[in-house]
Amino acid sequence: MSVYSKNFKHQLIWQKSLELVQEIYALTRQLDITKQKNLITQLRNNVDALHSNIALSLIKIYSNSYNDIILQSLDLCDNLRAQILLLLKDQYITEIIANDKLEKINTIYQALYELLKEKNLPYAN
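First residue of the sequence shown: 0, per numbering that gives the first Met the number 0; consecutive thereafter.
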């Protein structure tokens, strides 16, 4: 795969993560901060870290830390999923909103997973 196509894939994932950041911040502004302060903080921190990791992976594409950055990003996606499901369970968001956010997180997760598969790592099968 050419350098251009890898960079393009990273840029698409980065763009999707930026959109997710904006949506999570908009969502958390609507929540009651007195009741959900910790969860709001965790959501924002995780989505910020995910977006930053994706940007960092673009820079570190040929370094030894690239795989670790992608794996950390996958973990952050899992954390975001759990937090969205918790908001849904506690009825702070509707099922429609939860499904929309989960779909976007899953799209990013799948794209990151594909980047790992392209590196032919044994644990990415």
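Where a beta carbon is used, it is the ideal one built from N, C-alpha and C, also for glycine.
Just so we're clear, the structure is a prediction, and the values are computed from it rather than from any experiment.
Please state whether the Cβ-Cβ distance between residue 92 and residue 26 is less than 8 Å.
The criterion of a C-beta distance shorter than 8 Å is satisfied by residue 92 and residue 26.
Rounded to the nearest angstrom, what separates residue 105 and residue 57 at their Cα positions?
One alpha carbon belongs to residue 105, the other to residue 57, and they sit about 20 Å apart.
Secondary structure at residue 90, three-state DSSP: helix, strand or coil?
In the structure shown, residue 90 sits in coil (DSSP, three-state: anything other than H, G, I, E or B).
How many Å lie between residue 48 and residue 66 at the Cα?
Rounded to whole angstroms, residue 48 to residue 66 spans 16 Å at the Cα level.
How many angstroms separate the CA atom of residue 11 from the CA atom of residue 23?
C-alpha separation (whole angstroms): 18 Å.
Closer than 6 Å by C-beta to residue 75: which residues in its own chain qualify, once you throw out the five before and the five after it? Chain order, please.
Cβ within range, chain order: 45, 48 and 49.
Using the rule of at least 16 other Cβ atoms within 10 Å of the residue's Cβ for burial, across every protein chain shown, is residue 97 buried or exposed?
Its Cβ being crowded by 16 or more others within 10 Å, residue 97 is buried.
If you run the structure through DSSP and keep just helix, strand and coil, what is residue 124?
A caution first: residue 124 carries a pLDDT of 47, below 50, which makes its placement in the model unreliable, though a value can still be read off. Residue 124 sits in coil when the DSSP states are folded into three classes, being neither helix nor strand.
Kindly indicate which residue of 117, 111 and 118 has the alpha-carbon position closest to the one of residue 13.
Ranked by how close their Cα comes to the Cα of residue 13, the residues 117, 111 and 118 have 111 in first place.
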